[in-house]
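Chains as they are written, first to last, in our numbering: chain H, 70 to 255; chain E, 70 to 255. Yeah, the Cβ is synthetic: ideal placement off N, Cα and C, and Gly gets one too. As the structure is a prediction and not an experimental result, all values here were calculated from the model.
Number of protein chains: 2
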Amino acid sequence: MNEVIQNILTRRSVRSFKEEQISDENLNILLEVAKYAPSGMGRQGWHFTVVQNKDKMEKLISIIKEQMLNSSEERFKKMGGNPDFNPFYNAPTVIITAYDKTAATIEADCAVALENIFLAAHSLHISSCWIHILAYFGNDPKVRSVLTEFGVPEDYVVSGSAVLGYNNNPLPDAAPRKEGIVNIVK
Amino acid sequence: MNEVIQNILTRRSVRSFKEEQISDENLNILLEVAKYAPSGMGRQGWHFTVVQNKDKMEKLISIIKEQMLNSSEERFKKMGGNPDFNPFYNAPTVIITAYDKTAATIEADCAVALENIFLAAHSLHISSCWIHILAYFGNDPKVRSVLTEFGVPEDYVVSGSAVLGYNNNPLPDAAPRKEGIVNIVK
């Protein structure tokens, strides 16, 4: 098994991070691999906003939680009202994707760009988790105004995000993989 | 630069394939890495249908092209009417993803599973291309009935697909990457 395959199979989602920040050098590598993801018709209609400032991160978290608390969905309401809940799991770096809505397939394109980030991060011993909360609340006007302030282009749709940092605990085991999900027509 | 990052940066989309089939051993590795992609809430609501039978592949291609010809979109009509057009670029293997529509985020999950396939394939010197045509025509009743015959679960939504094989020509250079698509908040 080569390193690439080994790296895919051993990547895990991590939800507890140390305070230690990732280096600028590593951040630049992660942004570079994101740009090398495939995209529909080669449109590259994505945008990446990196948040590493603690105060600004807290501002964003607090506005997201306020909107969660106002949600009609019980699970969001519960998380929004929990003082210990942090949608970014206290990770020191968050990368937020957004996409040009005129390009077809681009939500999927943002997802594969994130997967490149997760895989390259793992190869650099940086842990990560895919966070979907902004796909639900990122286009809410109050959250959106903070994101616009952070540089997310105004006419772009906010999509998934990656949290990145060093894990507090050993990497968890993989959840069992679902069986019976492949059919081969020979 | 480690092998994982090198592999991400050197992967290319390929649109011309040799007849030579990939080995079952390699196919199994590609399906295994797909299952190790992250998925929203760990739902793994994906399904993979592999088509390697030439006659069945041709049947699928012919029905897709018939529907393209009936499309109201000029670009699809033109491709559907072109006798040389093959939506799978004559690749000997196609992997079609479909997803359980009750699971949120799952279209993105199928996309990241495909990215794992593309990256692992490249590490095994197998070329690939992400094909979106089934995201447009895969749920059309005529195309769908062929896919159901191939084993795509009836209540699943057809999503993107991967074509796989050995490239006929040297790997192309990467298209220039878009600039001005990153903002860092320190």
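Cβ neighbour criterion (16 or more within 10 Å) applied to E/K211: Residue 211 of chain E sits at position 142 when you count from the first residue of the second sequence. With fewer than 16 Cβ atoms within 10 Å of its Cβ, E/K211 is classed as exposed.
Cut-off 6 Å between Cβ atoms - residues of its own chain near H/F157, not counting five sequence neighbours on either side: For the purposes of this step, residue 157 of chain H is taken as residue 88 along the first sequence, with counting starting at 1. Hits under 6 Å: V163, V232.
C-beta atoms of H/V227 and H/R246 nearer than 9 Å: Taking the first sequence and counting its residues from 1, one reaches residue 227 of chain H at position 158. Taking the first sequence and counting its residues from 1, one reaches residue 246 of chain H at position 177. Not in contact: H/V227 and H/R246 (Cβ atoms no closer than 9 Å).
Beta-carbon spacing of H/V73, E/H191 below 9 Å: The residue you call residue 73 of chain H lines up with position 4 of the first sequence. The residue you call residue 191 of chain E lines up with position 122 of the second sequence. Contact: yes.
N- and C-terminal bounds of the alpha helix (DSSP H) containing E/V83: The residue labelled residue 83 of chain E in the question sits at position 14 within the second sequence. Element bounds for E/V83: n/a, residue is neither H nor E.
Test: H/N159 CB closer than 9 Å to a CB of chain E: In the first sequence, residue 159 of chain H corresponds to position 90, counting from 1. Any Cβ of chain E closer than 9 Å to the Cβ of H/N159 would place that residue at the interface, and such an atom is absent.
Neighbourhood of E/C198 by C-beta, 8 Å cutoff - its chain only, sequence neighbours within 5 removed: In the second sequence, the residue the question calls residue 198 of chain E occupies position 129. Cβ within range, chain order: S82, V83, R84, Y158, A160, A231, V232.
Length of the line joining the Cα atoms of E/S20 and E/T79: Residue coverage of chain E in this structure runs from 70 to 255, which leaves residue 20 of chain E outside it and unanswerable.
At least 3 beta-carbon pairs within less than 8 Å: the segment 235-254 of chain E vs the segment 167-182 of chain E: no
The beta strand (DSSP E) enclosing H/G150, as first and last residue numbers: For this step, residue 150 of chain H is matched to residue 81 along the first sequence. Element bounds for H/G150: n/a, residue is neither H nor E.
Chain E contact for H/V254 (CB, 9 Å cutoff): Counting from 1 along the first sequence, the entry for residue 254 of chain H is found at position 185. Yes, H/V254 counts as interfacial toward chain E.
Other residues of its chain near E/R112: CB distance less than 6 Å, five sequence neighbours each side excluded: Taking the second sequence and counting its residues from 1, the one referred to as residue 112 of chain E is at position 43. Hits under 6 Å: A172.
C-alpha distance - H/N151 paired with E/V221, whole-angstrom precision: Position 82 of the first sequence holds residue 151 of chain H. Position 152 of the second sequence holds residue 221 of chain E. About 41 Å.
Whole-number beta carbon distance between H/V119 and E/V251, since they are thought to touch under 8 Å: Position 182 of the second sequence, counting from 1, holds the residue named residue 251 of chain E. Position 50 of the first sequence, counting from 1, holds the residue named residue 119 of chain H. Indeed they touch by this definition, with Cβ atoms about 7 Å apart.
Simplified DSSP assignment, three categories, for E/I253: Position 184 of the second sequence holds residue 253 of chain E. In the structure shown, E/I253 sits in a strand (DSSP, three-state: E or B).
Option in E/H116, E/Q90, E/N95 with minimal Cα separation from E/D224: Counting from 1 along the second sequence, the entry for residue 224 of chain E is found at position 155. Nearest to E/D224 by C-alpha distance, out of E/H116, E/Q90, E/N95, is E/H116.
Coarse secondary structure for H/V102, derived from DSSP in three states: Stepping through the first sequence from its first residue, residue 102 of chain H is reached at position 33. The answer is helix: DSSP assigns H/V102 an H, G or I state.
Minimum C-alpha distance to H/F145 - residue among H/M70, H/H201, H/D242, H/A243: As a first step, residue 145 of chain H must be located in the first sequence, where it is residue number 76. Ranking the options by Cα distance to H/F145, first place goes to H/H201.
Spatial neighbours of E/N95 in its chain, beta-carbon cut-off 6 Å, leaving aside the 5 residues before and after: Reading the second sequence from its first residue, position 26 is the one you call residue 95 of chain E. Correct list, in chain order: L193.
Anticipated Cβ contact below 8 Å, H/I175 with H/G229, distance rounded: Within the first sequence, the letter at position 106 stands for residue 175 of chain H. Within the first sequence, the letter at position 160 stands for residue 229 of chain H. Their Cβ separation, rounded to whole angstroms, is 12 Å, which puts H/I175 and H/G229 out of contact at 8 Å.
Bounding residues of the beta strand (DSSP E) (the contiguous stretch that carries E/H116): Here residue 116 of chain E refers to the residue found at position 47 of the second sequence. Looking at the DSSP string, the run of the beta strand (DSSP E) that includes E/H116 is 115-120.
Where H/F187 falls, given that 16 or more other Cβ within 10 Å makes a residue buried: On the first sequence, residue 187 of chain H is found 118 positions in, with the first residue counted as 1. Result: buried.
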